[in-house]
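Chains as they are written, first to last, in the numbering used here: chain A, 1 to 118; chain B, 119 to 419; chain C, 420 to 1461. Data first, discussion second: the structure below is written as structure tokens.
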Amino acid sequence: MEYIALTCGFLLILIGIYGALTQSNILRMIVAFTLANTGVNLVIVGIGYINGRTAPILDTAVPVAEAATRIIDPLPQALVLTAIVIGVGITALMLAYAYKLFTLKGSLDITAIKELKW
Amino acid sequence: MAFEWIQIPYALLTLFIVVNYGFILNALIAKIGARVGRRHGIPIWQNYLDLIKNYSIRSSITHGVMFYLGPVFRLSGGVGLLLFVPTIYSSVMFSNLSFAGDLILALYFVFFGTLGMALGAGESGHPFAAIGVSRGLAQVTASELPFALAVFSVALQYQTLSVTDIVAAQQGSYLNWTLFTNPIAVAAAMLSFLGAMMRPPFDVVLAPQEIPIGPPTEYHSSYLALMQTNRAIFPIAKMVVYMNLFFGGAISWPIFFLKIFLIYMVSVLVGVVFPRFHVEHSIRWFLVWAVPLGIIAIMVV
Amino acid sequence: MVDPILLIAIPLGAAFFLGLLRDEWRTSAYVITLLTLAFVSWVSSSWLLGFSLDKIAPVEILTAGSEPPFSINLRMGLNESVALLMISLTGLLSSIYLKDTLFRLGRRAMAVLLVFVMAMCGIVLTRDIFNLFVFIELTVIATAGLVLLSHNTLSLGAGFKYLVASQIASILLLVGIIFSYHVTGTLNIDGMAGMSNVLIQTSPLAFFLLFIALVIELKPFPANGWALDIYESAHPAFSAILSAATATASLFAVDKILNIGGDNWLPFATGIGILSFIGANLFALAQTHDRRLMGYSSVGQIGLILIIIGQRDILGENYFFIAGGVLLAHAVAKAGLFWMSGLVNARELSAWTALRKRPMLIFAFVSFIALLIGLPPFPGFYAKWELVHVLASEGRIALIVLILFGALLETAYLFRWFGLILRHEDEAPVVACPSQKVAVIYSAVLLGWGLGYIWGELSGFGNLLYTIPLLFALLFLPLEWLPAKLKNTFAIMGLVTWFIVQYPAYDPLQLIFAAIILPGGALVLLASYYNSGRRIGFYPSALWMFAGLSMLIMAEDSFAFFAAWESLTIGSYFLILRGKQSQPHALSYILFSLGGAFLMLLGFALASEGNPLFPLTSLASVASDLAPWVFILLAIAFMTKTAAIGVHIWLPGAHAEAETDVSPLLSGILLKAGLFGLFVLLINMGKQQLYGVELTHVLLWIGAISALLGNMMAIYQEDAKRLLAYSSIAQMGYALFGLALMNHLGWLMALMFVVNHYIYKSMLFLSIGGVAKRTGTKAMYRMGGLITLMPLSFIAVLIGIIAVSGVPPLSGFGGRWIFYNAIMSAEYRLPMVIIFLAGPIAFLYLFRLIHTVFLGQLKDEHRQLKEAPFWIILPQMIYVAFLMIFALAPGLALQKVDGYISRFFPNNGLNWEGLTITSDFGYWSPVSIMIIIGVIFVTLFSWLLFVNRRAQKVKQFNIVYAAERPYRPETTHFAWNFFAPYRKALGFMTQPLVTRFWDTVAELLHTAADLLRRLYTGDGQTYAVQLLAFVVAVYFLGNGVM
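The following block contains the structure:
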């Protein structure tokens, strides 16, 4: 099970990066990065998963005493939340760039942004 | 050796003898050259006549201070060179003023007159003077090199820089002369000698010495008289160095006269046979033919 | 102490608070921003003081009420506090600098700025790897956010490229973090470091991803196109933060992460660092855009620090001293330069000429580039010294060579830039300098000098800022407003006083050199009275050079020697640059000199086997397998200064284009530094053999060839000062030859040359300089016939050339005499041949000099000329007197030295009894010679006066000229191409092969830089591909190596 998640995650990362590197439209690049981020998040969660255990929520179903043996690692799940937040932040920022570049240049083509070089 | 006042009259005596010998020798050499060319040549006392004529010319001009001083430098150079080297070996009378310095002093003092002369002629503003100097200096850098190497070789051979000691080492037999003990050095020096004597094939410059193109262009009257006197002294002074270093020196005046004459004849013999080189040719000639000899001389000593 | 957690909390809170403010309340928002940043700076500095003065222990700050690894912890230690102070001060100063911009952009920009600073502080403080990730991402967001606020398409494009790269980096980082966590079960950096073995064994890739993602944040070459674009396009104050603060924070992160990886990963850092340092500096060579150039320079410097991080296994307790020195120097300098670039309107390097009229800003610029390059007395200097010594003791020689090569590249473009500012022909209009911006720049300058002081204190080598000569030179900075004549008096008094004070401490050798440097320098400075006005920049530079020189001769250990050497190099560079046409020559001077200095550094480091305070006398006991190499390195270093053939190409231009009173300083005095070095080298190391080759024999050849070719080249010069300059090459060749003879008289001759060359070359440069001042040209064929108009200058030149040529009776002859005696006992004869050839050639150029300038035909336009100014003539006349005295009594200077040399070569000394000086081979009586020649001369002169008393002075054209009388001096003055036959015969020997060689080297480097930098295509996706390719390449190369 966790291998499926991990494989999917890496596949998504690769697809995302591939997209980001080959698509010349800025919006498509942003989407590609979102994809890659999702892949990363999937990997994180997939790492934390332990087969046959339950969600790390301490309630009547999982008493504190047995928690260590019965729940999956809660930390990656906490990390993933932060990662998602940051990912959203960056995606928003990229979108803002896309908007501003479009208003100033009238184009969303990344290959057209080459004034600065060498 | 220290200075004593009596050395001054002795030195003046040397000077007197050499000047007269120089006048006569120069005329003789000119005559020999003329005879080879099937001409009659000048009378043997011609230089005395010229000297008198030059001193009696009444018109006299100057282009400035250095112009005026040029001939003085020139003659001082000749006289100084003569006096810094002992003329007659083992004679207190004719050791001259050699207590002041050794061989190196003589070698470097040669340039004193040359430099002063060149400066004086330069002030005349005559371009020929400058052209002559530039040619002469250019040639002298190459022609003096084998001589310098030979001198160094001889100094190494005898382990001294004192002229007197070098002459002393050659006494006893003519086989002790450097000519036989260090023939390569002498060969190099004699090739250099050809360049120094301002005779063909190396006389296109004649610049530091006196010829129509070159420094004396503007000189006349008493200036020329001084330079003429130097022309009598300087070659002999130079040959004295050669004689002392390579040919055993002279222990008396007759031997002195003979040796000087013979040394002079070397350049005359070559000179009457060969045509002239351009300056650049003579530079190359010295570097190609004479300098290697000099190098061998200092390597094998 | 304030809780460091506030360093995070207060800026964050303030940022949120700014969001609540009304948009119109810009002043209050700005005040809040400044106060917050000031608070952060204050807190950091109070911690810094606590750590450094009160020696308190590093503090762990726990959060969320539990111990790590269950919560995030921060650590505050000395290094952290330094970095925090650096970051917060950069932020504070930048926001002061940005006042107008921030007012325009409003509170949002200020909030982002605060978040930016906070995030960087977080990177420094945190000990949690995921927290580190968060702070890094915050930095990215803040960076991109600040860039976004600009309305400039260029920077928007750059910002987007930056985000693309950061996205990839963050993906790598996150994957790395989660796998590292998976293996180690902790997110705490120290925890991970504890399980380093497990992590590296089971999953090296996880650690690699962590490591490389952080390295990418450092913008390593060549995966950094996006970063360069940001540097180029962003607001300079922002670039300042990026270069100074972000780099500091990122380096901190890499340093922490390497704790996890352990020493095995250090070579990765070293390799990437070297690549960045050399690559970026190489590319910068081809830059004409100022901010992009600074960007490259930043990348290079960070590469250097990465190298240092890579060496921390061997640096031990010096690690922070070295890394910190370079890091802080870079941060201050780069921030300062970026701030300065905001004052300049256009972006070409030449636009910086606008600063030319602002000496304070020029001083700032100089301080910054000196900080970057690591010149004394700045921290980089101490750090470089220590680093190279440690590396040498560990045998990492190749690394030293690479570092020094990169540093030389950096020197090249920075000093070229500086040269352009002062000497570019177009001058940009003076820019408006808002006072708050200028204040920010000056505070960076102060900070830089302050760091120099602190590092001097920390170094343990002695603080250069305590040395009196350097302080004296610095004293002239605040005195710059005084008139030049007054400053000149101070300078002269200073030099003389220092000589008197130091006099008892000198041994005879030092005394000779000190006499030339100090009273000798004062004598040359007499000529400077000629200058009116304030002459800004002259005195600090000149005295900096003098300080270096006077410290050099007193140096007892390698550090003092090297510091003095670099000081005199820098001082003289500024002096040279003062010449109107001297920009390219000054550049080649500084490159050759610093190149030489780097070789010296390497040489000392090798010799000392890691002892940074290596006594010079211990050079005698260097291990025998190293000794010849040390000898070669040091000898080359010294020969760059004496301009031995091969490394001479800087000299002619530098000496010829310098100002009238600078040329004698350079030629008469500065060249002697190299000779002093060679003395020290030979005294201590003596003869050395490498593969059976006697190295002093090689020096003998170099000296001889320098003498020959220097003279040869001198005779073809049309420019009088160039002629003199080439002649100096030859004269130094003689001196080198004398030293390399390795016998008593050889050394005596070298010393004689030291004294003689000082006197006559200073004199000649002054006379020719005076003539050039009057005629307005240095071309000899445009002069002529000046003897009557400038008689005193003529006399000086006449005496000078007699002395140079060695004609009796002047002192030059003494040199020749000693020379002949010296070679009598020399072991090698072949090089003498060359010296013999060189000797008479000197006559050629000397005659040309005096003839074409003073004799021949006077030009019409010069008929009204006056003698050179009094103050230029005065020292010349003093020199004439000196030459006469020295000619009569050479024993005054030489006898003591002769005795001193007997310590090293007891045999073959001279006998000084009576008037005659005798050697083993010959004798020489200066007084007799002078009297005899004088008497003969005077007698003949009187005779001529008597017989020729009616001589008439005639006019200029009264000459016999093919029966015509010429009226044009131009056509009658024989001067151009004076030695044409010589050129025909031997011109092939003066083909500019060496110049061509060095030109080709420079050309190759520039072409390579220009071609290779096209790697940065400008395409954001290409950059991303390069980045990934870089990661993959590092992984495989690294694994291949490990």
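Just so it is clear, CB atoms sit at the ideal spot from N, CA and C, and this is done for glycine as well. Remember, predicted model here, so these are calculated numbers, not experimental data.
- Straight-line measurement puts the Cα of valine 228(B) at about 7 angstroms from the Cα of leucine 199(B).
- Of Asp1317(C), Phe1033(C) and Phe757(C), the smallest CA-CA separation from leucine 1170(C) is found for Asp1317(C).
- Chain A places no beta carbon closer than 8 angstroms to that of aspartate 1044(C), leaving this residue out of the contacts.
- Three or more Cβ pairs drawn from the segment 1008-1017 of chain C and the segment 1060-1075 of chain C lie within less than 8 angstroms of each other, which places the two stretches in contact.
- The continuous beta strand (DSSP E) containing methionine 495(C) extends over residues 492-495.
- Of the candidates Val1366(C), Ala1144(C), Thr520(C) and Ser447(C), the residue whose Cα lies closest to the Cα of leucine 1085(C) is Ala1144(C).
- The Cβ-Cβ distance between phenylalanine 626(C) and isoleucine 660(C) does not fall below 8 angstroms.
- For the set Gly16(A), Gln77(A) and Arg53(A), the Cα lying nearest the Cα of glutamate 66(A) is the one of Arg53(A).
- Within the segment 752-816 of chain C, the complete alpha helix (DSSP H) segments at least 4 residues long are 778-792 and 798-812, listed from N- to C-terminus.
- Chain order gives the chain B residues near glutamine 1276(C) as Gly243, where near means a beta carbon separation below 7 angstroms.
- By the neighbour-count criterion, in which 16 or more other beta carbons inside 10 Å mark a residue as buried, histidine 749(C) falls on the buried side.
- DSSP lists no bridge partner for glutamine 289(B).
- The continuous stretches of beta strand (DSSP E) do not include valine 421(C), and DSSP gives it neither H nor E.
- A straight line joining the alpha-carbon of valine 1252(C) with that of threonine 278(B) spans about 19 angstroms.
- Restricting attention to alpha helix (DSSP H) runs no shorter than 4 residues, the segment 675-710 of chain C encloses them at 685-704, ordered along the chain.
- Within the same chain, and ignoring the five residues on either side of glycine 1065(C) in sequence, the residues whose Cβ sits closer than 7 angstroms to its Cβ are Val1413.
- Leucine 481(C) has Asn492(C) as its beta-bridge partners, per DSSP.
- The C-beta of tyrosine 715(C) comes no closer than 8 angstroms to any C-beta of chain A.
- Considering only Gly714(C), Arg1402(C) and Arg775(C), the residue with the shortest C-alpha distance to glutamate 844(C) is Arg775(C).
- Excluding the 5 residues flanking it on each side, alanine 924(C) has same chain C-beta neighbours closer than 8 angstroms at Met973, in chain order.
- When the five nearest sequence neighbours on each side are left out, the beta carbons in the same chain lying within less than 8 angstroms of the beta carbon of proline 1210(C) are those of Glu1286, in order along the chain.
- Leucine 21(A) reaches chain C at Gln1440, Ala1443 and Val1444, counting residues in chain order whose Cβ is nearer than 7 angstroms.
- Within the segment 81-113 of chain A, Thr82, Ala83, Ile86, Gly89, Ile90, Leu93, Met94, Ala96, Tyr97, Lys100, Leu101, Leu104, Lys105, Ile110, Thr111 and Ile113 place their CB atoms closer than 7 angstroms to a CB of chain C, listed in sequence order.
- Taking every protein chain shown into account, the CB of serine 1361(C) has fewer than 16 other CB atoms within 10 angstroms, so this residue is exposed.
- Pairing phenylalanine 1273(C) with valine 1216(C) gives a Cβ-Cβ distance under 8 angstroms.
- Beta-bridge analysis with DSSP links lysine 105(A) to no other residue.
- Every alpha helix (DSSP H) stretch that sits fully inside the segment 1101-1179 of chain C and reaches 4 residues is listed by chain position as 1114-1134 and 1139-1159.
- Bridge pairing for glutamate 1383(C): Tyr1380(C) [DSSP].
- For arginine 1322(C), no CB of chain B lies under 8 angstroms from its own CB, so it is not counted at the interface with that chain.
- Residues of the same chain with a CB within less than 8 angstroms of the CB of asparagine 607(C), apart from the 5 flanking positions on each side, are Pro487, Pro488, Asn492, Arg546, Asp547 and Ile548 in chain order.
- Considering only beta carbons, the part of the segment 563-582 of chain C lying closer than 8 angstroms to chain A consists of Ala563, Gly564, Leu567, His570, Thr572, Leu573, Leu575, Gly576, Ala577, Gly578, Phe579, Lys580 and Leu582, in chain order.
- Beta-bridge analysis with DSSP links alanine 61(A) to no other residue.
- In the DSSP secondary-structure assignment, tryptophan 1343(C) is bridged to Gly219(B) and Ile1336(C).
- Ranking Phe981(C), Pro927(C), Ile931(C) and Tyr650(C) by CA distance to the CA of histidine 808(C) puts Phe981(C) first.
- For the segment 648-661 of chain C, the beta-carbon criterion of a distance under 8 angstroms to any beta-carbon of chain A is satisfied by Asp648, Glu651 and Ser652.
- Considering only Ile206(B), Ile378(B), Tyr128(B) and Thr180(B), the residue with the shortest C-alpha distance to glutamate 241(B) is Thr180(B).
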